[in-house]
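Novice:
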Amino acid sequence: MSEKPKGKELISQGIRTDGRGPKDLRKIKIDVGTLEKADGSAYIEWGNNKILVAVYGPREVHPRHLALPDRALFRCRYHMAPFSTEERKNPAPSRREVELSKVTREALEPATLTELFPRTGIDVFIEVLQSDGGTRCAGIAAASIALADAGIPLKDLVVACAAGKVDGQIVLDLNDVEDQLGNADVPVAIMPRTGVISLLQMDGMLSREEFKEALELAIDGCRQVYAMQKEALMRKYVGEKESVEEEIGEGVNEKEGD
Amino acid sequence: MAESFEIVPKIRQKRISEHLIQDKRIDGRGLTDFRKIKTEMGLIEKASGSCLVSLGKTKVMTGVKVEMGEPYSDRPEDGVLTVNVELVPLASPSFEPGPPSEEAIELARVVDRGLRESKAVDLGKLCIVPGRRVFVVFVDIYVLDHDGNLFDASALASILALATAKIRDFSLSDDGRIEFKDGTISLPLQNFPVEVTVAKIGEKLIVDPSLEEEGMIDARITIAVGKDDEICAIQKSGPGTLSLEDVYKAVDTAKDKAKEIRENVLGGVEQWLGKGQRIQ
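Residue numbers (the numbering used here), protein chains in the order written: chain S, 1 to 258; chain X, 259 to 538.
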């Protein structure tokens with residue numbers, strides 16, 4: 001967190017730079033099954049973040065020697081497109097992306113029943129097309145949907161959201177400016193049915209009480225996103241089921257007409 | 259995946275678990291005891307600052323080098339701090355030569371976050387000519403012997419190396435040129451973060467896991483605590499999960515342990531703070 005220029009307010013009269021209140025999430029839109037070739041996929045728009053996720057697997061592991069005898073090898077790649085940021089980002093994976101790939105994997109793997117697919121690999125590819133703060137959380141939320149879309153057995157969805165401290169106030173879901181100039185950022189991922197935490201990071205400066213408040217606010221944000229994840233999956237699969245029934249129904253009618 | 263966790267035999271795991279149930283550790287420690295911490299500063303004369311930390315049998319050496327360079331374009335008036343970790347192959351059978359592994363990058367970034375977010379080094383005081391020339395502080399962490407808990411050992415070695423680093427005294431001429439003088443000055447230190455790792459095995463939370471304990475942990479959480487008990491950085495790591503109560507308990511433990519290390523092991527940290535005010 002760097003110091004903000006003096007005189008610039010990030011929250012004035014309870015309104016943030018993008019017009020939100022302190023405890024408001026940004027607008028979130030989730031699409032399921034966006035990609036043709038992937039086994040599972042999802043697209044999320046979280047504020048100005050635009051992120052595509054593809055899941056491949058369970059499939060043969062390459063290179064083969066990495067395969068595990070008792071469970072699937074779970075791999076994750078978090079990557080930002082060169083055009084996703086204000087200044088062009090070198091497409092080679094940065095140290096930040098390597099770390100985020102690791103924590104993303106560790107956030108998603110506990111929910112995945114990898115032991116059902118020994119000697120195989122499950123690959124999750126997260127591509128950030130446009131970033132505006134909070135991409136790791138948006139990526140995790142979308143990746144969890146893509147895993148479900150791939151039909152991989154999960155104990156639970158994984159849902160992520162951040163909270164932090166901006167202008168001395170605890171706020172939900174920081175955007176890029178708030179992340180850059182704010183006092184602290186706490187990204188959290190949970191498995192909502194049991195409430196266990198699978199990702200937790202923090203940078204900035206917080207007292208114990210502020211940290212507690214931020215963590216609980218982030219978990220509250222997670223629960224709101226969880227409802228949207230379920231709704232997105234229902235929209236695709238319940239919608240699909242109805243259209244299949246319709247097709248079958250039409251087929252029967254045609255036969256009757258013969 | 260590529261983590262350097264040791265494979266612990268099932269029979270040994272059982273013994274470790276049996277000890278933990280009785281709130282004991284297999285090496286005789288209590289659940290929240292650190293192993294013996296030994297610190298040696300200034301072993302490397304060619305470095306601006308250096309520190310060798312022994313945490314039980316884990317050994318980590320940090321060297322600090324200060325050079326002149328360009329600032330980042332978005333922080334033209336700040337000096338530059340970079341943290342790098344080398345998991346050298348002599349430290350563990352699972353370390354290999356080659357580009358830094360995921361594990362090394364995570365370790366470096368967590369130490370970096372602790373130093374940066376606590377504002378340990380006052381980077382504003384390391385500017386020579388705004389936008390053109392600043393001091394660049396290289397913190398190079400060398401893991402020499404890996405017996406678990408590299409996070410805490412590396413963070414401690416790094417802050418101590420920074421705290422004891424000396425650079426040539428200098429003055430700035432009117433046209434912004436730097437002139438070196440005799441004598442040395444310290445780096446401008448304003449906070450003293452200590453990182454504490456709490457690991458979860460079964461239902462128990464333990465502090466400072468050894469290598470074999472790391473081989474059976476569900477998840478661990480590293481917490482950087484500043485001199486006024488503020489939390490500056492957190493990283494949950496490892497494949498498992500933590501409950502909300504685990505997190506709160508870990509934060510409280512980390513605060514107590516960080517205080518204990520600052521007072522008992524280092525004899526208070528005030529001796530290192532507020533020095534080097536002469537830069538700029």
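For every residue, glycine included, the Cβ atom is placed at its ideal position computed from N, Cα and C.
In this text the structure is predicted, and so the values were computed from the model without any measurement.
Based on the DSSP secondary-structure assignment, which residues constitute the bridge partners of Q493 (chain X)?
Specialist: Sequence index remark: in the second sequence, residue 493 (chain X) carries index 235 (1-based). Per DSSP, S:Q201, X:T480.
Novice: Short check: CB of D179 (chain S) to CB of G221 (chain S), under 7 Å?
Specialist: The residue given as residue 179 (chain S) occupies position 179 in the first sequence. The residue given as residue 221 (chain S) occupies position 221 in the first sequence. No, these two residues do not count as a Cβ contact at 7 Å.
Novice: Under 8 Å between beta-carbons, which chain X residues line up against P69 (chain S)? List them in chain order, please.
Specialist: Here residue 69 (chain S) refers to the residue found at position 69 of the first sequence. Near P69 (chain S) there are no residues of chain X at all, since even the closest Cβ is about 13 Å away, more than 8 Å.
Novice: Which residues in the same chain as G21 (chain S) place their Cβ atom closer than 8 Å to its Cβ, once the five residues preceding and following it in sequence are excluded?
Specialist: Within the first sequence, residue 21 (chain S) is the residue found at index 21, counting from 1. Correct list, in chain order: G14, I15.
Novice: Rounding to the nearest angstrom, what Cα-Cα distance links W530 (chain X) and M205 (chain S) in this structure?
Specialist: Against the second sequence, residue 530 (chain X) aligns to sequence position 272. Against the first sequence, residue 205 (chain S) aligns to sequence position 205. Straight-line Cα distance between these residues: approximately 21 Å.
Novice: So if DSSP puts L469 (chain X) in a beta bridge, which residue, or which two residues, is it bridged to?
Specialist: Numbered from its first residue, the second sequence carries residue 469 (chain X) at position 211. L469 (chain X) pairs with nothing; no bridge assigned.
Novice: Mind listing the chain X neighbours of M195 (chain S)? Cutoff is C-beta to C-beta under 9 Å, in chain order.
Specialist: Indexing the first sequence from 1 puts residue 195 (chain S) at position 195. Looking at the sequence shown, residue 195 (chain S) is not Met but Gly. Result: S501, L502.
Novice: Taking 7 Å as the cut-off, decide whether the C-beta atoms of N449 (chain X) and G484 (chain X) are in contact.
Specialist: Here the question's residue 449 (chain X) lines up with position 191 in the second sequence. Here the question's residue 484 (chain X) lines up with position 226 in the second sequence. It is a contact, given that the beta carbons lie within the stated cut-off.
Novice: Just to confirm, is the Cβ distance from A143 (chain S) to I126 (chain S) under 7 Å?
Specialist: Along the first sequence, read from residue 1 onward, the residue named residue 143 (chain S) stands at position 143. Along the first sequence, read from residue 1 onward, the residue named residue 126 (chain S) stands at position 126. Yes. Within cutoff.
Novice: Looking at the strands, I want to know which residues DSSP matches up with E261 (chain S).
Specialist: Residue 261 (chain S) cannot be examined here, being either before or after the span of chain S that is shown, 1 to 258.
Novice: If you compare alpha carbons, which of S:C76, S:F117, S:E240 is closest to P497 (chain X)?
Specialist: On the second sequence, residue 497 (chain X) is found 239 positions in, with the first residue counted as 1. The option with the nearest alpha carbon to P497 (chain X) is S:C76.
Novice: Give the single residue among X:R371, X:K439, X:F438, X:I302 whose Cα lies nearest to the Cα of A413 (chain X).
Specialist: Within the second sequence, numbered from 1, the residue matching residue 413 (chain X) stands at position 155. The shortest C-alpha separation from A413 (chain X) is found at X:R371.
Novice: Between the beta-carbon of A419 (chain X) and the beta-carbon of S308 (chain X), is there less than 7 Å?
Specialist: Within the second sequence, numbered from 1, the residue matching residue 419 (chain X) stands at position 161. Within the second sequence, numbered from 1, the residue matching residue 308 (chain X) stands at position 50. Yes; because the gap between Cβ atoms is below 7 Å, this pair is in contact.
Novice: So what's A163 (chain S) in DSSP terms, helix, strand or just coil?
Specialist: For this step, residue 163 (chain S) is matched to residue 163 along the first sequence. Strand at A163 (chain S).
Novice: Looking at chain S, is there any beta carbon in it that lies within less than 7 Å of the beta carbon of A491 (chain X)?
Specialist: Against the second sequence, residue 491 (chain X) aligns to sequence position 233. Chain S, which has a Cβ nearer than 7 Å to the Cβ of A491 (chain X), makes this yes.
Novice: Alpha carbon to alpha carbon, how far is S352 (chain X) from I537 (chain X)? Give it in angstroms, no decimals.
Specialist: Numbered from its first residue, the second sequence carries residue 537 (chain X) at position 279. Numbered from its first residue, the second sequence carries residue 352 (chain X) at position 94. Interpretation of I537 (chain X) is limited by its pLDDT of 43, a score under 50 that renders its predicted location unreliable; the figure taken from the coordinates is listed afterwards. Their backbone Cα atoms lie some 43 Å apart in a straight line.
Novice: Rounded to a whole number of angstroms, what is the C-alpha to C-alpha distance between M80 (chain S) and A92 (chain S)?
Specialist: Numbered from 1 along the first sequence, position 80 holds the residue referred to as residue 80 (chain S). Numbered from 1 along the first sequence, position 92 holds the residue referred to as residue 92 (chain S). Between M80 (chain S) and A92 (chain S), the C-alpha separation is close to 9 Å.
Novice: Count the other CB atoms within 10 Å of the CB of A260 (chain X); is the residue buried (16 or more) or exposed (fewer)?
Specialist: Against the second sequence, residue 260 (chain X) aligns to sequence position 2. Interpretation of A260 (chain X) is limited by its pLDDT of 43, a score under 50 that renders its predicted location unreliable; no figure is taken from the coordinates.
Novice: Residues of chain X with CB closer than 7 Å to the CB of V98 (chain S), please, in chain order.
Specialist: Walking along the first sequence from the start, residue 98 (chain S) turns up at place 98. Per Cβ cutoff of 7 Å: E360, I363.
Novice: Run through DSSP, which three-state label would P451 (chain X) get?
Specialist: By 1-based counting over the second sequence, the position of residue 451 (chain X) is 193. Coil.
Novice: I'd like to know whether the C-beta of K102 (chain S) is nearer than 7 Å to at least one C-beta of chain X.
Specialist: Counted from its first residue, the first sequence places residue 102 (chain S) at position 102. True, the Cβ-Cβ gap to chain X drops below 7 Å.
Novice: Assuming F396 (chain X) and T340 (chain X) make a contact with CB atoms under 8 Å, what is their CB distance in whole Å?
Specialist: Taking the first residue of the second sequence as 1, we reach residue 396 (chain X) at position 138. Taking the first residue of the second sequence as 1, we reach residue 340 (chain X) at position 82. Their Cβ separation, rounded to whole angstroms, is 6 Å, which keeps F396 (chain X) and T340 (chain X) in contact under 8 Å.
Novice: Is P497 (chain X) close to chain S, meaning its C-beta is less than 7 Å from at least one C-beta of that chain?
Specialist: Your numbering for residue 497 (chain X) matches position 239 in the second sequence. Yes, its Cβ sits closer than 7 Å to a Cβ of chain S.
Novice: Whose Cβ in chain S lies nearer than 8 Å to the Cβ of R371 (chain X)?
Specialist: By one-based count along the second sequence, residue 371 (chain X) stands at place 113. Residues of chain S passing the Cβ test: D203.
Novice: Do we get a CB-CB distance below 7 Å when we pair R95 (chain S) with the residues of chain X?
Specialist: As a working note, residue 95 (chain S) is residue 95 in the first sequence. By this cut-off, R95 (chain S) is an interface position.
Novice: Sort S:T120, S:I197, S:V55, S:V124 by Cα distance to T499 (chain X) and report the nearest one.
Specialist: Position 241 of the second sequence, counted from the start, is the residue given in the question as residue 499 (chain X). T499 (chain X) has its Cα closest to that of S:I197, out of S:T120, S:I197, S:V55, S:V124.
Novice: Would you kindly work out how many angstroms separate the C-alpha atoms of I519 (chain X) and D291 (chain X), rounded to a whole number?
Specialist: In the second sequence, the residue the question calls residue 519 (chain X) occupies position 261. In the second sequence, the residue the question calls residue 291 (chain X) occupies position 33. About 11 Å.
Novice: Within 10 Å of its beta-carbon, does L365 (chain X) have 16 or more other beta-carbons around it, so buried, or fewer, so exposed?
Specialist: Locating residue 365 (chain X) in the second sequence gives position 107, counting from the first residue. When all chains shown are included, L365 (chain X) counts as buried.
Novice: Okay, do the stretch 329-349 of chain X and the stretch 385-404 of chain X touch, 3+ Cβ pairs below 8 Å being the bar?
Specialist: Yes: at least three Cβ pairs fall under 8 Å.
Novice: Short check: CB of I386 (chain X) to CB of V392 (chain X), under 7 Å?
Specialist: To locate residue 386 (chain X), count along the second sequence from 1; it is residue 128. To locate residue 392 (chain X), count along the second sequence from 1; it is residue 134. Yes, the Cβ-Cβ distance between I386 (chain X) and V392 (chain X) is below 7 Å.
Novice: Identify the continuous beta strand (DSSP E) that holds A189 (chain S) and give its terminal residues.
Specialist: For the purposes of this step, residue 189 (chain S) is taken as residue 189 along the first sequence, with counting starting at 1. Segment 184-191, the beta strand (DSSP E) holding A189 (chain S).
Novice: Output, in chain order, the set of chain S residues within a Cβ distance shorter than 8 Å of I479 (chain X).
Specialist: In the second sequence, the residue the question calls residue 479 (chain X) occupies position 221. Near I479 (chain X) (Cβ distances below 8 Å), the residues of chain S are L200.
Novice: What does the Cβ neighbour count give for D432 (chain X), buried or exposed, with the cut at 16 atoms within 10 Å?
Specialist: For the purposes of this step, residue 432 (chain X) is taken as residue 174 along the second sequence, with counting starting at 1. Classification of D432 (chain X): exposed, given that the 10 Å Cβ count is below 16.
Novice: Less than 8 Å between the CB atoms is what I'm expecting for V318 (chain X) and T297 (chain X), so what's the real figure, rounded?
Specialist: Your numbering for residue 318 (chain X) matches position 60 in the second sequence. Your numbering for residue 297 (chain X) matches position 39 in the second sequence. Their Cβ separation, rounded to whole angstroms, is 10 Å, which puts V318 (chain X) and T297 (chain X) out of contact at 8 Å.
Novice: Are three or more beta carbon pairs between the stretch 501-515 of chain X and the stretch 460-480 of chain X nearer than 8 Å?
Specialist: In short, these stretches touch, since the Cβ pair count reaches three.
Novice: Whole angstroms are fine: how far does the CA of T17 (chain S) sit from the CA of I11 (chain S)?
Specialist: As a first step, residue 11 (chain S) must be located in the first sequence, where it is residue number 11. As a first step, residue 17 (chain S) must be located in the first sequence, where it is residue number 17. Going by the C-alpha atoms only, they are around 7 Å apart.
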